Amino acid sequence: GPKNSLGLVKFLFPNEYNVYLHDTPATTLFARSRRDFSHGCMRVEKPVALAEWVLRTQNGWSPERIQEAMHGESPLPVRLVKPVPVLIVYATAVALDSGEVRFFDDLYGQDAQLEALLAQGFPRPRWTPTTSVPGRHPHE
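The sequence shown begins at 1 in our numbering and counts up by one.
The following block contains the structure:
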């Protein structure tokens, strides 16, 4: 319902962290620059548009039926016939098309682990010729 902290819809997907995407009645939170108000899940700014996109290839799901389901009296689980890949990217630095780089707080403490991995360098195996090709530089 409208007072449910998960809003009118939630999108479940397989993952080892038990997180999901969900609507929210607190839509004013999207206007804030810091948005870590959930308890591990991700609030969706445009849940109707996402539902329409996810269900676009599923038979029988018109925008009207989606609205009816979202405002129904009881939950209506929907299993997708055609799976939709879900990719969640966590980044604290983003390069914009303009060339500008924006930095964000590391809310989940992932930068330290990434920094440690990068500090190890990128060891590459040494090039060793397996056959001799006349006139070819060995590092081409």
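The beta-carbon is built from N, C-alpha and C at its ideal position, and this holds for glycine as well.
Note that the coordinates shown come from a computational prediction; the quantities given were computed from them, not determined experimentally.
(1) Mind checking which residues open and close the alpha helix (DSSP H) that includes A51?
(2) At which residues does the beta strand (DSSP E) containing R102 begin and terminate?
(3) Whole angstroms are fine: how far does the CA of K82 sit from the CA of N18?
(4) On the three-state DSSP scale, how would you describe L96?
(5) Could you tell me whether the Cβ atoms of F103 and A119 are closer together than 8 Å?
(6) Taking the continuous alpha helix (DSSP H) assigned at F64, which residues delimit it?
(7) Could you say which of A91, P85, R65 and K46 lies nearest to H22 if we only look at CA atoms?
(8) Taking the beta carbon of R43 as the centre, do at least 16 other beta carbons fall within 10 Å, making it buried, or is it exposed?
(9) To the nearest angstrom, report how far apart L114 and R65 are at their CA atoms.
(10) As a quick exercise: from Q58, H71 and S62, pick the residue whose alpha carbon is nearest that of K10.
(11) At which residues does the alpha helix (DSSP H) containing A119 begin and terminate?
(12) Taking only the alpha-carbon atoms, compute the straight-line gap between L87 and L50 and give it to the nearest angstrom.
(13) Given that a residue counts as buried once 16 or more other Cβ atoms are within 10 Å of its Cβ, and exposed if not, what is G109?
(14) Inspect the beta-carbon positions of V54 and V101 and report whether they are closer than 8 Å.
Per the coordinate set shown:
(1) For A51, the enclosing alpha helix (DSSP H) starts and ends at P47 to V54.
(2) Segment V101 to F103, the beta strand (DSSP E) holding R102.
(3) Each residue's CA atom was taken as its position, placing N18 and K82 some 21 Å apart.
(4) Coil.
(5) No, they are not a contact pair.
(6) Checking the sequence shown, residue 64 turns out to be Glu, not Phe. Note, E64: alpha helix (DSSP H), P63 to M70.
(7) The residue among A91, P85, R65 and K46 with its C-alpha nearest the C-alpha of H22 is K46.
(8) Burial of R43 is indicated by the presence of at least 16 other C-beta atoms within 10 angstroms of its C-beta.
(9) It is roughly 44 Å from the alpha-carbon of L114 to the alpha-carbon of R65.
(10) Comparing alpha-carbon positions, the option among Q58, H71 and S62 lying closest to K10 turns out to be H71.
(11) From DSSP, the alpha helix (DSSP H) with A119 extends over D111 to A119.
(12) Each residue's alpha carbon lies about 14 Å from the other.
(13) Result: exposed.
(14) Not in contact: V54 and V101 (Cβ atoms no closer than 8 Å).
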